[in-house]
Amino acid sequence: MGRIGKQAVVVGAGIGGLTAARALADFFDHVLVLERDTLPSEATPRAGTPQGRHAHALLLSGQRALAELFTGFEQDLARAGAVPLRVGLDVRVERPGYDPFPRRDLGWASYAMSRPTIEHAVRSRLQECSNVALRQRCRVLDLVASADGARVSGVRFGNETGTAETIATDLVVDASGSGALTLALLKSIGHALPEETTIGIDVGYSSCVYVIPDDAAVDWKGVMTFGEAPHNSRGGLLLPLEGERWIVSLGGRHGYVPSADPEEFLAFARSLRTQTIYNAISGAERVGDVARYGFRESIWRHFERLETFPGGLLPIADAICRFNPVYGQGMSVAALEACLLRKLLGERADGVAADGLDTDRLARGFFAELQALLDTPWSVATLDFAFPETRGQRPADMEMRLRVGGVFARLAAEDAEIHKLTAEVQNLLKPRSAYADPALRQRVMALMADAAPRAG
Ligand SMILES: Cc1cc2nc3c(=O)[nH]c(=O)nc-3n(C[C@H](O)[C@H](O)[C@H](O)COP(=O)(O)OP(=O)(O)OC[C@H]3O[C@@H](n4cnc5c(N)ncnc54)[C@H](O)[C@@H]3O)c2cc1C
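When the sequence shown is numbered by our numbering, its final residue is 456 and no position is left out of the sequence of numbers.
This is how it looks when you write it as structure tokens:
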């Protein structure tokens with residue numbers, strides 16, 4: 001592949017940083033990933049990604065994007081002990097009116113595993129790239145701007161021995177999760193900050209791992225139990241993990257939050273709309289403590305609306321947009337963004353892009369194309385407005401969206417083709433515009449008219 005630059009630096013070795021580094025490796029002589037944590041040699045949780053102790057679902061789009069970046073990635077997961085799941089069949093989905101939702105094999109294989117296992121698998125594959133170096137215990141302190149503030153020319157970081165080092169670079173990718181380094185850089189050069197769209201939900205998460213009991217008489221491999229909007233936001237997710245274990249994450253919005261006490265965790269499971277998860281874990285052996293996590297708001301930083309943006313800098317993944325974790329989208333969106341980055345770099349290397357090899361304009365092209373990628377997952381995140389306490393810019397057509405969503409659930413329950421379509425959109429394989437098919441719209445409208453209260 002054509003080369004674009006000599007040195008690229010990625011801040012953060014989460015899923016966003018590791019996948020971005022893979023994309024860069026084809027186009028830069030050297031890619032350096034700087035991670036503040038000590039990276040475990042095994043697939044175990046670490047401090048910098050506390051979410052790693054909670055259930056993580058990998059959507060089909062994310063699985064495919066990872067396989068695009070790392071050929072044979074699904075086999076890597078299987079070798080690491082990930083549990084194969086038939087989409088639509090193996091996870092019992094419980095939602096109001098459907099306990100359970102009809103189960104059908106929709107024709108795809110996915111995998112369930114811990115987040116540390118996914119990250120470990122991605123990291124191992126990245127380390128096979130000879131031009132990528134991963135330095136742990138290196139905390140990036142700030143991004144270094146050129147004298148005129150027009151571009152980022154390097155990063156300053158505290159290295160393994162605690163000494164400050166600066167490295168010059170053609171491109172910095174900020175995959176630090178928070179995006180704090182990008183925002184601090186913009187402030188320091190007097191640049192405008194991106195506008196933000198937020199959805200305030202105050203989600204509380206508690207998670208615990210159990211040994212799958214030998215006598216577990218269940219006909220599922222996982223369970224997803226939804227609450228009932230607008231009054232009950234309590235839900236639970238049970239997924240199998242490598243090593244014959246289950247991970248159970250329970251959560252609620254706006255203060256309905258499970259505690260870290262194991263007995264209270266069980267009581268919270270019992271308070272869900274159905275008893276399926278409680279019945280499964282009440283007699284099961286617990287492994288370790290209950291882990292907790294608080295998530296205040298989904299946030300989308302609109303870098304695309306800025307009139308200018310410093311060259312040589314690209315925020316990515318959670319640093320741009322992070323979603324309420326209950327929808328299980330973050331890792332998949334991160335991997336899809338890395339594929340988009342690789343595509344844009346390829347266009348530059350091939351001379352197809354109007355701005356040639358110029359990395360100063362890379363971010364602007366990335367932000368522009370990212371809008372289409374984020375539209376569907378963000379639309380999913382707006383479902384939080386079904387709960388009246390949710391803060392933020394409620395979409396004007398929210399009531400209609402919720403009603404249409406209810407009709408789609410009914411159609412999907414009855415019709416395998418619609419079930420497959422909704423699974424494709426939920427898994428970000430198709431955009432939500434796939435629902436705009438005229439024949440389908442007609443069916444939806446007819447059902448809505450039937451359900452509408454009649455005059456007189
Ligand atoms: C409770 C919870 C559950 C979730 N469940 C799911 C799920 O089911 N499915 C799903 O797809 N997604 C889920 N997510 C989201 C997912 O974890 C992230 O969206 C995804 O991993 C992308 O994150 P990232 O790589 O951008 O950032 P992170 O995962 O936050 O990684 C950032 C990395 O940067 C490092 N770093 C930060 N600052 C510096 C610095 N200054 N110098 C050096 N290194 C630095 C950190 O140590 C970390 O390693 C969940 C999130 C949470 C909170």
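Cβ coordinates follow ideal geometry from the N, Cα and C atoms, glycine included.
Predicted model only: the values in this text are computed from it and were never measured.
Tell me the DSSP secondary structure of C339 in three-state form.
Note: C339 maps to helix in three-state DSSP.
Ordered along the chain, which non-local residues of its own chain (more than five positions away) have a Cβ less than 8 angstroms from that of R151?
A145, P310, G311, G312, L313 and D360
Are Y155 and V257 touching if we call contact CB-CB under 9 angstroms?
Sequence check: residue 155 is Val here, not Tyr. No. Outside cutoff.
Can you give the Cα-Cα distance for R342 and L24, rounded to whole angstroms?
The straight-line gap from Cα to Cα measures roughly 7 angstroms.
R156 lies in the beta strand (DSSP E); which residues open and close that run?
Counted as a single uninterrupted DSSP element, the beta strand (DSSP E) harbouring R156 occupies residues V152 to G158.
Which term fits R253, buried or exposed, when burial requires 16 or more other beta carbons within 10 angstroms of its beta carbon?
buried
DSSP state of G177, grouped into three classes?
coil
Contact set for H120: own chain, Cβ-Cβ below 6 angstroms, skip 5 residues either direction
A43
Same chain only: Cβ atoms within 7 angstroms of T274, ignoring 5 sequence neighbours per side:
The answer, listed in chain order, is E94, D99 and T225.
Out of V83, V172, V11 and R443, point me to the one whose CA is closest to N159's CA.
V11
Looking only at C-alpha atoms, which of A65, F73 and Y111 sits nearest to A82?
Y111
Going by beta carbon distance, what residues of the same chain come within less than 8 angstroms of L266, once the five residues before and after it are set aside?
Y278, I281 and S282
For G154, is the beta carbon positioned less than 8 angstroms from some heavy atom of ligand 1?
no
Can you give me the C-alpha to C-alpha distance between D289 and G5, rounded to a whole angstrom?
47 angstroms
Hey, L237 and Q329: beta-carbon distance below 9 angstroms or not?
no
Short of 7 angstroms in beta carbon distance, which residues of its chain neighbour V404, apart from the five on each side in sequence? Order them along the chain.
Closer than 7 angstroms at Cβ, skipping near neighbours: V444.
Report all residues from its chain with a CB closer than 7 angstroms to the CB of L183; omit the five preceding and five following residues, and keep chain order.
L193
Residue from S41, F73, T49 and R53 with nearest C-alpha to A335
F73
Can the beta-carbon of V33 be found closer than 9 angstroms to that of A47?
no
Alpha carbons only, please: which of F323, W108 and A78 is nearest the one belonging to G177?
F323
Does the separation of the CB atoms of D202 and S124 fall below 9 angstroms?
no
Contact the region 54 to 62 vs the region 123 to 138: 3+ CB pairs below 8 angstroms
no
Look at the alpha carbon of G318 and the alpha carbon of L272, and state the distance between them as a whole number of angstroms.
Here residue 318 is Asp; the residue named in the question, Gly, does not match the sequence. Near 30 angstroms, if we compare the C-alpha coordinates of L272 and D318.
Could you give the residue range of the alpha helix (DSSP H) that holds S61?
Segment L60 to L69, the alpha helix (DSSP H) holding S61.
Looking only at its own chain, which residues have a Cβ that is under 8 angstroms from the Cβ of G243, when we skip the five neighbours before and after it?
G81
Would you say the beta carbon of P40 is closer than 8 angstroms to some non-hydrogen atom of ligand 1?
no
Would the region 379 to 387 and the region 398 to 414 be scored as touching if the rule is three or more Cβ pairs under 8 angstroms?
yes
I need the straight-line Cα distance from R296 to R391, nearest angstrom please.
10 angstroms
Local Cβ density within 10 Å of T308, reported as buried at 16 or more and exposed below that
exposed
Could you tell me the boundaries of the beta strand (DSSP E) in which P230 lies?
That residue, P230, is in no beta strand (DSSP E); it is neither H nor E in DSSP.
What does a CB cutoff of less than 7 angstroms around G456 pick up in its chain, not counting 5 residues either side in sequence?
With a pLDDT of 44 at G456, under the threshold of 50, the predicted position of this residue should be treated as unreliable, and no value is reported.
Tell me the rounded alpha-carbon separation between L134 and E389.
When rounded, the distance between both Cα atoms is 43 angstroms.
Could you work out which residue in G227, P213, W220 and A349 is closest to R286 when comparing CA atoms only?
Taking only the C-alpha atoms, the option nearest R286 is P213.
Top-ranked residue by Cα proximity to A284, from G227, R245 and G365:
R245
Between which two residues does the beta strand (DSSP E) harbouring F28 extend?
F28 to L34
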